[in-house]
Each structure stands twice: as structure tokens, then as C-alpha cells.
Amino acid sequence: ADVTSLLLSIFADKERYTGEYKAMMAQKVLSRLDYDTTLDKRTFQLLKLRFPEKAMHDCDVMLKDVTDSRRTDTNIKALPQTQGLLENFDALIISAEFWPKFQGEEPVLPDRIQQQYDTYAAGYKALRAPRSLHWCPQLGMADLTLHFGAHERQYTVSAVHACIIMKFEDRARWLASELAAMLELSDQVLRSKAGLWVSQKVLREEPARYGDVLYIRCEEAPEEEGLGPLPPTDSFVLTQDQVVEKEEAMYKSYIMTMLTNNESLPLERIHNMLKMFMIDPKYNKTLIELETFLEKLIAQDLAVFEGGVYKKPARRRPP
Numbered sequence: 106a107d108v109t110s111l112l113l114s115i116f117a118d119k120e121r122y123t124g125e126y127k128a129m130m131a132q133k134v135l136s137r138l139d140y141d142t143t144l145d146k147r148t149f150q151l152l153k154l155r156f157p158e159k160a161m162h163d164c165d166v167m168l169k170d171v172t173d174s175r176r177t178d179t180n181i182k183a184l185p186q187t188q189g190l191l192e193n194f195d196a197l198i199i200s201a202e203f204w205p206k207f208q209g210e211e212p213v214l215p216d217r218i219q220q221q222y223d224t225y226a227a228g229y230k231a232l233r234a235p236r237s238l239h240w241c242p243q244l245g246m247a248d249l250t251l252h253f254g255a256h257e258r259q260y261t262v263s264a265v266h267a268c269i270i271m272k273f274e275d276r277a278r279w280l281a282s283e284l285a286a287m288l289e290l291s292d293q294v295l296r297s298k299a300g301l302w303v304s305q306k307v308l309r310e311e312p313a314r315y316g317d318v319l320y321i322r323c324e325e326a327p328e329e330e331g332l333g334p335l336p337p338t339d340s341f342v343l344t345q346d347q348v349v350e351k352e353e354a355m356y357k358s359y360i361m362t363m364l365t366n367n368e369s370l371p372l373e374r375i376h377n378m379l380k381m382f383m384i385d386p387k388y389n390k391t392l393i394e395l396e397t398f399l400e401k402l403i404a405q406d407l408a409v410f411e412g413g414v415y416k417k418p419a420r421r422r423p424p
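If you read the sequence shown in this note's numbering, its first letter stands for residue 106, the second for the next number, and so on.
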């Protein structure tokens, strides 16, 4: 069956389809431990037959980034100052403006991992000065070997999961609140990620005071029987729906502030003010799209439209 035709029949909006494909490809690339994009290139070439070249330009740049990263990685590791220091470290260097929006909290890296980041960055600067790298430590994967006495187990997990378990080399016990503060992660994210190690019986958890959780390192290798598979890789990329939801929250915040600070505003004035003040994300709506969004605010009783202008609804006095 022609999978591309099937997907196109599901996504009637071709722009939406290419956006979803871009997010899917980014997730696949970021979830790998190597630079192999053979299958991605094959699929991409088929899609280019169905879409205008302009529509697929971002994906083309993404695949080129991977190819360029492989070459740059080889050159950095050939430098005298990096010899033997980066054997188990690879980096994907991306042109951020062409990739989807990323998500996830950035953890504080363990010292020895941070040293590899710094060594790699210094090698890159030696080759590409004045360019430098801005790291996204929440992205990517790690291949770990955990030792339990005479036994060992291997895991392929996200970078954040790796940062969490490496803290248990120093101490056998951590409160969730302590660990979250040490890694500069929210308590919610920390507990969610630590749950993977609990499910794999690498850690066990006990309730602690004030609603906290105590994580304890297991000293014996977990029995492989009865263990479920590792959960799917963390989602590194925001879906189009998530991007729209995030942007609309920003629009709502800006517009409500405008209507609070001004008695009333016409559509064109709101449009111009958003163009002036919204930089990240950059405001790119048309007047018609803005009017449609304002209608949503009206439906939520957050705004009213009277006499050709928008304003906040009058406060209702209690009976």
C-alpha cells in the first residue's frame, strides 16, 4: 500500500501534514545514538515528489544538519586536544530556526559529562571560530551500563533519565525534593522521570515527610523476568497542536493586558500592538485570523465587541 497516499488522505491540510512529518522526523533523529538517516532520506525523497520543494525545505535542512554533524564530529575528535576524551560522546548540531519547537526542562549535568560538553565545544570553536555552540542538554539519548556487584544491565534512555541515575553513584538515597533542586528540575518532572528507574527496579521509593518521596538505590541486579519494556522515548518535540496552544496562550496574555490598560481598542490597533511587542513567538497572524481568535475570547466572556471596538466586559455587581 502507498503509505504516503494514506497519510495524505488523513491529513487533508497539506501544510499540517508537512508540519507533523517535520516533528516526527525530528523526534526520530533525536532519539538515535548515531547519525544514520538512510530510511529518513528515502521517505523524504518520496515526499518531495508529492509536495513543492519550498514546503519541504525545513526537512531538507534538518537532514543536511545530520550529515554535516557527522563530518564535524569526526573533525573535532581528530584534534590533538580532544584525543581520547570524546570516545563515547557525539553531538548533533542543528540550524534551530528550521527545526520544530523543542520541549523539556534542562538538567544540570554531572561534572564528568559537563567536561565532555566543554571539551567538545572548545574543539568546535577551534574549527569554526567565531561560531560557538548553545547546548540543549534535555535533548538526546544516553547508552548506560549499570553495575550491580558482579552483574550489569544496559539501558538506552533520555539524557534527563541518565542525569538522574548518575546522581546515585554518589549517594544511595535521595529525597525527590533534594534531587530536583540539585538537577534544577521541577518536582513534577523529577518524579516522572525517576519513575522509569523505579519501574525497572533500579530504584525503589518510599514515602517521606511532608509529601516527599525517598528514592533508594537497589544494590542487587533486577531480575529481567517480570520487568516491562522501557517506556517510549521522551517526546523532545512539540506537536503542531501544542505549538498552537502555547502561542494562543501568549496571544491571550498580551491581549488581556492591552484591554486592561486601555478602555477599548479597535481590531487594527490590537493587530499593530501585537506586531510591535510579540517577538518570541513572533506575531504572524492576519487581521482575519486575529478577529477569529478574539471571537474565542468573547465566547469565553473575557472580552466584548461594542461599537467597533473590543473591551473587557463590565464587572457584574452582586445582587
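C-beta atoms are modelled at their ideal positions from N, C-alpha and C, and glycine is treated no differently. For clarity, every value in this text was computed on a predicted model and none was experimentally measured.
Looking at the unbroken beta strand (DSSP E) that takes in residue i, where does it start and where does it end?
i	result
ASP406	Run containing ASP406: none; DSSP gives neither H nor E here.
THR250	246-253
HIS239	No beta strand (DSSP E) contains HIS239, which DSSP labels as neither H nor E.
GLU310	308-312
TYR260	256-263
Can you give me the start and stop residues for the alpha helix (DSSP H) that residue i sits inside?
i	result
TYR320	Element bounds for TYR320: not the alpha helix (DSSP H) but the beta strand (DSSP E), 318-322.
LEU372	372-382
ARG276	It is not in any alpha helix (DSSP H) - ARG276 carries neither H nor E in the DSSP assignment.
ARG176	162-182
ASP216	216-233
Helix, strand or coil, according to DSSP, for residue i in the structure here?
i	result
ARG155	coil
ARG296	helix
PRO418	coil
TYR148	The identity of residue 148 in the sequence shown is Thr, whereas the question assumes Tyr. Looking at THR148 - three-state DSSP - the assignment turns out to be helix.
GLN305	coil
MET361	helix
VAL342	strand
LEU67	With the chain covering 106 to 424 only, the question about residue 67 has no answer from this structure.
ALA106	Residue confidence for ALA106 is low, a pLDDT of 41 falling below 50, so the modelled location carries little weight and cannot support an answer.
PHE194	coil
THR397	helix
Count the other C-beta atoms from every protein chain shown that fall within 10 angstroms of the C-beta of residue i, then say buried if there are 16 or more, exposed otherwise.
i	result
VAL318	buried
GLN305	buried
VAL349	exposed
TYR320	buried
LYS412	According to the sequence shown, residue 412 is Gly rather than Lys. By the neighbour-count rule (16 or more Cβ atoms within 10 Å), GLY412 is not buried but exposed.
PHE382	exposed
ALA299	buried
TYR315	exposed
ARG296	buried
ALA177	It is worth fixing the name first, because residue 177 is Thr in this sequence and not Ala. When all chains shown are included, THR177 counts as buried.
GLN405	exposed
GLN243	buried
LEU151	exposed
Taking Cβ to Cβ, would you say residue i is nearer than 8 Å to residue j?
i	j	result
GLY209	ASP385	no
VAL414	SER369	yes
VAL166	TYR140	no
ALA131	PRO205	yes
ALA128	THR344	yes
LEU144	PRO212	no
LEU232	HIS266	no
LEU407	LEU392	no
CYS268	LEU214	yes
PHE149	LEU135	no
PHE207	VAL294	no
GLU328	PHE253	no
GLY228	GLN188	no
ASP275	ALA285	no
Under 8 Å Cβ to Cβ from residue i, same chain only, skipping five residues before and after it: list those, please.
i	result
LEU138	ASP195, MET246, ASP248, THR261
LEU379	TYR356, TYR359, ILE360, TYR388, LYS390, LEU395
ARG147	none
LEU280	ALA313, ASP317, VAL318, LEU319, TYR320
ARG161	The amino acid at residue 161 is misidentified as Arg; the sequence shows Met. Taken in chain order, the residues that qualify are THR123, PHE149, LEU152, LYS153.
Can you give me the Cβ contacts of residue i inside the same chain, cut-off strictly under 7 Å, excluding the 5 residues immediately before and after it?
i	result
PHE410	ILE403
TYR225	ILE181, LEU191, PHE194, ALA196
THR250	GLU257, GLN259
SER263	MET246, THR338, ASP339
MET271	PRO215
Kindly list the residues whose CB is nearer than 6 Å to the CB of residue i, restricted to its own chain and excluding five residues on each side of it in sequence; keep chain order.
i	result
LYS417	LEU364
GLU311	LEU319
LYS230	SER237
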